[in-house]
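Count the sequence shown with the numbering used here and you get residues 13 to 187, in order.
Think of the CB as a built atom: it goes at the ideal place given N, C-alpha and C, for glycine as much as any other residue.
What follows is one structure encoded as structure tokens, with my remarks underneath.
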Amino acid sequence: MEPTEPSQSTPELHPDLGQLAWLVGTWRGAGVGDYPTIESFQFGQELVISHIGKPWLSHVSRSWALDPSTGEPTRPLAVETGFWRMVPDSLDAELLLAHPTGYVEIWTGHVFEKSIELITDLVGRTATAKEMTAGKRMYGIVEGVDLGWVYEMSAMGQALQPHLSARLKRDGDAG
Ligand code: HEM
13 MEPTEPSQST PELHPDLGQL AWLVGTWRGA GVGDYPTIES FQFGQELVIS HIGKPWLSHV
73 SRSWALDPST GEPTRPLAVE TGFWRMVPDS LDAELLLAHP TGYVEIWTGH VFEKSIELIT
133 DLVGRTATAK EMTAGKRMYG IVEGVDLGWV YEMSAMGQAL QPHLSARLKR DGDAG
């Protein structure tokens, strides 16, 4: 007998995730990056936050370098994948992320309207990963429609400070 595929219709967002509904979407845009140990750079990013009706969101981000004079993509940069969860009946969120550069992280955060600030609760890194010990992230809806996000990290012996900031548009939005 053939296995039965689950229904392909779009499920309702799980009620636990109501406080994060604003984050769900396919987001694309650009940002800038810097750190004391590297040259500053511009990047493009696609962030896909999706759900299947279960009490978690899937998070997949990929990015690429942009030529500062032409704006054209040049080379692939960071990729990260993970899951968002909400502590039921609260504004507290949890985020799990894995990076191919050798890190796994557990983040905890707090939702405030259409924004969230998170800090790392745990950072694990492989023997070959560069030194990185802590991070801070903020995601939020900017001017009603765009998704802005900023990332700070403590890495390479440096104090917690900005590495990235970006502004993304929801797929399908003009402009
Ligand atoms: C959109 C996401 C990101 C982009 C576009 C990005 C881009 C970059 C670039 C261009 C560099 C310079 C070295 C190189 O060219 O590869 C770099 C270095 C670095 N990034 Fe990121 N990054 C991102 C996210 C992250 C995240 C999430 C982490 C930590 C989990 C991270 C940790 C580092 C570290 C530790 C370095 C090395 C600094 C050094 O060698 O001194 N980056 N990043």
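Taking a contact to mean a Cβ-Cβ separation below 7 Å, would you say Trp39 touches Leu159 in this structure?
Locating residue 39 in the sequence shown gives position 27, counting from the first residue. Locating residue 159 in the sequence shown gives position 147, counting from the first residue. Yes. Within cutoff.
Would you please state the rounded distance, in angstroms, between the beta carbons of Ile61 and Val36? I believe it to be under 8 Å.
Sequence index remark: in the sequence shown, residue 61 carries index 49 (1-based). Sequence index remark: in the sequence shown, residue 36 carries index 24 (1-based). Right, their Cβ atoms sit about 5 Å apart.
Same chain, Cβ closer than 7 Å to Ala56, neighbours up to 5 away in sequence not counted:
Position 44 of the sequence shown, counted from the start, is the residue given in the question as residue 56. Residue identity check: residue 56 is Gly in the sequence provided, not Ala. Around Gly56: Ala42, Ser75, Trp76, Leu78 and Pro85.
How many Å lie between Ser21 and Pro48 at the Cα?
Numbered from 1 along the sequence shown, position 9 holds the residue referred to as residue 21. Numbered from 1 along the sequence shown, position 36 holds the residue referred to as residue 48. Computed Cα separation, rounded: 48 Å.
Give me, in chain order, the residues of the same chain whose beta-carbon lies closer than 8 Å to that of Lys142; leave out the 5 immediate sequence neighbours on both sides.
To locate residue 142, count along the sequence shown from 1; it is residue 130. If we look at Lys142 and ignore the five residues flanking it on each side, its Cβ neighbours are Thr113, Gly114, Ala167 and Met168.
Apart from the five residues on each side of it in sequence, which residues of its chain come closer than 6 Å, Cβ to Cβ, to Val116?
Residue mapping note: residue 116 aligns to position 104 of the sequence shown, counting from 1. Same-chain partners within the cutoff: Ala110 and Gly136.
Run the proximity test for His7: is its beta-carbon closer than 6 Å to any non-hydrogen atom belonging to the ligand HEM?
Residue 7 cannot be examined here, being either before or after the span of the chain that is shown, 13 to 187.
Taking Cβ to Cβ, would you say Lys148 is nearer than 7 Å to Ile128?
In the sequence shown, the residue the question calls residue 148 occupies position 136. In the sequence shown, the residue the question calls residue 128 occupies position 116. No, they are not a contact pair.
Report the rounded CA-to-CA distance for Tyr163 versus Leu103, giving the unit in angstroms.
Counting from 1 along the sequence shown, the entry for residue 163 is found at position 151. Counting from 1 along the sequence shown, the entry for residue 103 is found at position 91. Approximately 21 Å, taken between the alpha carbons.
Taking the beta strand (DSSP E) that Pro88 belongs to, which residues open and close that run?
Taking the sequence shown and counting its residues from 1, the one referred to as residue 88 is at position 76. Pro85 to Met98 is the span of the beta strand (DSSP E), which, as asked, contains Pro88.
Ignoring anything shorter than 3 residues, give me the beta strand (DSSP E) runs that lie fully in the region 55 to 88, in order along the chain.
69 to 78
Measure the C-alpha to C-alpha separation of Leu29 and Val123 and round it to an integer number of angstroms.
For the purposes of this step, residue 29 is identified with residue 17 of the sequence shown, where counting begins at 1. For the purposes of this step, residue 123 is identified with residue 111 of the sequence shown, where counting begins at 1. Roughly 11 Å between the two C-alpha positions.
Per DSSP, which one or two residues make a beta bridge with Met150?
In the sequence shown, counting from the first residue as 1, residue 150 sits at position 138. Paired residue(s): Glu129 and Val162.
Mind checking Gly7: buried by the 16 CB within 10 Å criterion, or exposed?
Look at the range of the chain in this structure, 13 to 187, and you will see that residue 7 is not part of it.
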